[in-house]
Amino acid sequence: MHAGEAEIDADLVRRLVEGQFPQWAGMSIEPLVSGGTVNALYRLGDGLTVRLPLTGAGVKDLERERRWLPRLAPMLPVTIPTVVALGEPGAGYPWAWSVHRWIDGETPVEGALAEPEVLTRDLGTFVRVLRRLGFEGGPVAYRGVPLATVDVYTREAIEELRRTDEPFDADAAMAAWEESLAVPPWKNAPCWVHSDLMPSNLLVAGGRLTAVLDFATLGVGDPACDLIPAWNLLPASCRDAFRETVDVDDATWARGRGWALSMAVVQLPYYRGTNPVISANARHVIGQVLGG
356 MHAGEAEIDA DLVRRLVEGQ FPQWAGMSIE PLVSGGTVNA LYRLGDGLTV
406 RLPLTGAGVK DLERERRWLP RLAPMLPVTI PTVVALGEPG AGYPWAWSVH
456 RWIDGETPVE GALAEPEVLT RDLGTFVRVL RRLGFEGGPV AYRGVPLATV
506 DVYTREAIEE LRRTDEPFDA DAAMAAWEES LAVPPWKNAP CWVHSDLMPS
556 NLLVAGGRLT AVLDFATLGV GDPACDLIPA WNLLPASCRD AFRETVDVDD
606 ATWARGRGWA LSMAVVQLPY YRGTNPVISA NARHVIGQVL GG
């Protein structure tokens, strides 16, 4: 998916584990199919997950999670990852890597939710609780910044999609983007946000949200970025209920719609030949945003 990716396979993971964590030597190692774009994931035995950054850009995320996940876990209404160990470069792999506790559940898929109303309430509650945490000293969230920060990239992506064979209304997308840009920016105190609530970062069981994964983009900023599930996962019929649960004003809701659109139009041309999960979700988001 990216230039400069490390070559990662089960044999490499085995050598890393056996060389640095001999207590886990001999455990089964199984690659996990994922829509993720930053890490390669492997299940280690029944109770652990090995997470290896695909490029050097993902290494900084390890320390962020190691520092903040233990503080956040007792305060949140669903399970989040537990960092069990941090590995070092070795066996030909050039970067740090991590081992997490395994969490049971299935990844939800847009358009195929068993209990959308229940999931809507669960997701909205998670976003609201996270937003209201009072921890100080948090890093700036990856998408906790003003929408104008990504204006150039969003416009470039819309124009790139205009030149493809995608069934894409570039003029409508540009109009929707400019509508979101025109909304006043967040002027209150920064809030805690996950800022990457893609379906692939959620786990469900029996229709309920059981876990939220991948806190690499965690931090403080404008809470609008955590509204993206309203367009990337939840059906339109649940959108009002989600907004009511998260409790946001008109301007924040409009900026959330802008973030959903920006992410989708940037992801689609970049991943459409390499990540079918992300590109399919991007098409879904664009349809949801432009469809109202």
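Numbered continuously in my numbering, the sequence shown closes out at residue 647. Beta carbons are placed, not taken as given, at the ideal position from N, Cα and C, and that holds for glycine.
Unbroken alpha helix (DSSP H) runs of length 4 or more, entirely within the segment 372 to 441: which are they?
415 to 427
Spatial neighbours of residue 446 in its chain, beta-carbon cut-off 8 Å, leaving aside the 5 residues before and after
367, 370, 371 and 374
Quick one: grab the DSSP three-state call for residue 480.
helix
Whole-Å CB distance - residue 409 paired with residue 361, under 8 Å assumed
6 Å
Who are residue 453's beta bridge partners in DSSP?
406 and 441
Would residue 581 and residue 552 qualify as a contact pair, given that the criterion is a beta-carbon distance under 8 Å?
yes
On the criterion of 16 or more Cβ atoms from any shown chain inside 10 Å, does residue 561 qualify as buried, or is it exposed?
exposed
Beta-carbon separation of residue 417 and residue 453 under 8 Å?
yes
Closer than 6 Å by C-beta to residue 680: which residues in its own chain qualify, once you throw out the five before and the five after it? Chain order, please.
The first residue shown for the chain is 356 and the last is 647, placing residue 680 beyond what the model contains.
Compute the distance between the beta-carbons of residue 509 and residue 640, then report whether it is under 8 Å.
no
For the beta strand (DSSP E) that residue 565 lies in, which residues bound it at each end?
563 to 567
Quick check: the Cα distance between residue 537 and residue 545, rounded to an integer number of angstroms?
20 Å
Where DSSP assigns a beta bridge to residue 461, which residues make up the other side?
559
Span of the beta strand (DSSP E) holding residue 547?
546 to 548
Would residue 638 and residue 623 be called neighbours here (beta carbons separated by less than 8 Å)?
yes
As assigned by DSSP and simplified to three states, the class of residue 448
strand
Looking only at its chain, what residues have a beta carbon closer than 7 Å to the beta carbon of residue 480, apart from the 5 residues adjacent to it on each side?
432 and 600
Let me make sure I understand the geometry here. Which of 635, 618, 401 and 393 has the alpha-carbon closest to that of residue 528?
618
What span of residues does the alpha helix (DSSP H) with residue 644 cover, start to end?
631 to 645
Just the Cα atoms here: how many angstroms apart are residue 441 and residue 579?
32 Å
Within its chain, find whatever has a CB closer than 7 Å to the CB of residue 524; leave out the 5 residues flanking it on each side and keep chain order.
645
Residue 392 and residue 583 - do their beta-carbons sit closer together than 8 Å?
no
For residue 655, is the classification buried or exposed, using 16 other Cβ atoms within 10 angstroms of its Cβ as the cut-off for buried?
In the structure displayed, the chain extends from 356 to 647; residue 655 sits before or after that span and is not available.
Would a C-beta distance cut-off of 8 Å place residue 485 and residue 548 closer than the cut-off?
yes
On the premise that residue 574 lies in contact with residue 648, defined as a C-beta separation below 8 Å, what is that separation, rounded to the nearest angstrom?
The question about residue 648 has no answer, for the chain in this structure spans 356 to 647.
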